[in-house]
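So the sequence shown is numbered by the working numbering: it starts at 9 and just counts up by one. Every residue gets a Cβ at the ideal spot worked out from N, C-alpha and C, and that includes glycine.
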Amino acid sequence: MNKHILVTEDDKNVADGLREILESDGYTVSCADCASAAMQTMRDGGADLVILDVRLGQDDGYELCRRIREFSNVPILFLTACSSEIELVRGFRAGGDDYVAKPFRMHELLVRIEALLRRTSKKSSGVLRTGELSYDSASCRIRRKGNVLELTATETKLAAALITHSKQTVSREELLYLVWDKDSAFVDANTLSVNISRLRDKLGKVNGKPYIETVRGIGYRWTLPVTEQ
Numbered sequence: 009m010n011k012h013i014l015v016t017e018d019d020k021n022v023a024d025g026l027r028e029i030l031e032s033d034g035y036t037v038s039c040a041d042c043a044s045a046a047m048q049t050m051r052d053g054g055a056d057l058v059i060l061d062v063r064l065g066q067d068d069g070y071e072l073c074r075r076i077r078e079f080s081n082v083p084i085l086f087l088t089a090c091s092s093e094i095e096l097v098r099g100f101r102a103g104g105d106d107y108v109a110k111p112f113r114m115h116e117l118l119v120r121i122e123a124l125l126r127r128t129s130k131k132s133s134g135v136l137r138t139g140e141l142s143y144d145s146a147s148c149r150i151r152r153k154g155n156v157l158e159l160t161a162t163e164t165k166l167a168a169a170l171i172t173h174s175k176q177t178v179s180r181e182e183l184l185y186l187v188w189d190k191d192s193a194f195v196d197a198n199t200l201s202v203n204i205s206r207l208r209d210k211l212g213k214v215n216g217k218p219y220i221e222t223v224r225g226i227g228y229r230w231t232l233p234v235t236e237q
């Protein structure tokens, strides 16, 4: 299967050029021109690698990187017009893996993409196992005994937030931010409770024990151990 690359770039000419070159090199390409579109792609199916412009109109590429890192270990390559040390440090601290300065040479970009994908394949798979479930942070999919669960994007993100914070109780406020981000102020506790209830039903139980436990007055906790494959 071809590797899937998400190009997050608000300049249509640059995005179209990248798509053409990457597709001719055998990659499957999706494009997003803003942070919300990029997040939707990552929630819906994810990508094997993200190319991320630091400047996305009114959006901040570094902040988008941090948001992706909340639930995915996908390699992120920054495109930046400024290669100062301060900017590079900001990118790496936000969770970026590499950068290419504009104007860039396509051959260099392709080589860096190949290196990132090769490096990632040599690491752990990014798959977390817990009970009868597995969570693939790259594709944002949850499976039970190998079969993909039919979860909504919200349910998947809720599960990911709890799985990746499995050693702690996650407060309702933190879950609202992790899942709904800037819209969290408009989401009430009842909406969260309903989504948690539906998620519990879809995940099922292990030895009669649910995966998600309610911690009264605080929030929720993932009940089973989580290991990285």
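- By the 16-neighbour rule on beta-carbons within 10 angstroms, residue 24 is exposed.
- By the criterion of at least three beta-carbon pairs nearer than 8 Å, the segment 41-53 is not in contact with the segment 113-120.
- For residue 29, same chain residues with a beta-carbon under 6 Å away, outside a window of 5 residues either side, are 114 in chain order.
- Proximity of the segment 203-222 to the segment 157-171 meets the contact definition, three or more beta-carbon pairs being nearer than 8 Å.
- Taking C-beta atoms under 8 Å as the contact rule, residue 38 and residue 146 fail to qualify, at a distance of about 14 Å.
- Bounds of any beta strand (DSSP E) do not take in residue 160, whose DSSP letter is neither H nor E.
- For residue 178, the closest of 17, 138, 139, 226 by C-alpha to C-alpha distance is 226.
- DSSP places residue 35 in no alpha helix (DSSP H); its state is neither H nor E.
- The beta carbon of residue 83 sits closer than 6 Å to the beta carbons of 57, 105, 124, 128 from its chain, once the five residues preceding and following it are set aside; these are given in chain order.
- Distance from the CA atom of residue 181 to the CA atom of residue 75, rounded to whole angstroms, is 16 Å.
- Residue 113 sits in coil when the DSSP states are folded into three classes, being neither helix nor strand.
- Counting the other Cβ atoms within 10 Å of the Cβ of residue 97 gives fewer than 16, which makes it exposed.
- Burial is judged here by how many other beta carbons sit within 10 angstroms of a residue's own beta carbon; residue 196 has fewer than 16 and is exposed.
- Annotation note: the segment 195-230 contains the following uninterrupted alpha helix (DSSP H) runs of length 4 or greater, listed N- to C-terminal: 197-211.
- Taken in chain order, the unbroken stretches of beta strand (DSSP E) that lie wholly in the segment 23-82 and span 3 residues or more are 36-40, 57-61.
- Taking C-alpha positions only, residue 200 is separated from residue 184 by approximately 7 Å.
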